[in-house]
Amino acid sequence: SDVTILRQINRLNDDGSYTFGYEAADGSFKIETRDVEGNVKGMFGFVDENGELKRISYSARNGTGFQASGTIATPVENARLNPSYTTVKPPAHHPFLKRPILILK
1 SDVTILRQIN RLNDDGSYTF GYEAADGSFK IETRDVEGNV KGMFGFVDEN GELKRISYSA
61 RNGTGFQASG TIATPVENAR LNPSYTTVKP PAHHPFLKRP ILILK
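Letter 29 of the sequence shown, counting from 1, is numbered 29 in UniProt numbering, and no numbers are missing.
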């Protein structure tokens, strides 16, 4: 279904820097900026099925690469928190798989 955008910003500057983002009626949002040196930082979020705000902040810089942090657990983190998983060792002769495979139950 369609979600109404309550606020929006789209600013592109002559020097290549920008700011864009939105806030939607369902509680989701995103904001991102890029400076003249190409460094990017931003944040996005949404309200989950339990009514909790989930938020991720990120940055990408020439010296450090992409980095993110926030309140959303990745599937691997969820598996660590929830013991309903198992690992399987791939065959030794497999051409691509070298690490154990995580299988969620």
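The beta-carbon is built from N, C-alpha and C at its ideal position, and this holds for glycine as well.
Model, not experiment: these values are computed from the prediction.
Out of curiosity, what's the CA-to-CA distance linking residue i and residue j?
i, j, result
"Lys54", "Gly16", "30 Å"
"Gly70", "Asp14", "32 Å"
"Asp2", "Gly21", "18 Å"
"Glu23", "Glu49", "18 Å"
"Gln67", "Asn10", "23 Å"
Taking DSSP as the reference, what is the three-state secondary structure of residue i?
i, result
"Tyr85", "Caution is warranted here: a pLDDT of 49 is assigned to Tyr85, below 50, making its placement in the model unreliable, and the coordinate value is therefore given only provisionally. If DSSP states are grouped into helix, strand and coil, Tyr85 belongs with the strands."
"Glu32", "strand"
"Thr19", "strand"
"Asn39", "coil"
"Ala25", "coil"
"Ser1", "coil"
"Gly65", "strand"
How close, in whole Å, do the beta carbons of residue i and residue j come, if the pair is a contact with beta carbons under 8 Å?
i, j, result
"Asn62", "Gly27", "Between Gly27 and Asn62 the Cβ distance is about 33 Å, and since that is not below 8 Å, they are no contact."
"Lys41", "Tyr58", "7 Å"
Of the choices the options, whose alpha-carbon is the least far from that of residue i?
i, options, result
"Leu12", "Ile5, Glu32, Ala24, Asp48", "Glu32"
"Ala60", "Asp35, Arg7, Phe46", "Asp35"
According to the neighbour-count rule (16 or more other Cβ atoms, all chains shown, within 10 Å of its Cβ), is residue i buried or exposed?
i, result
"Gly51", "exposed"
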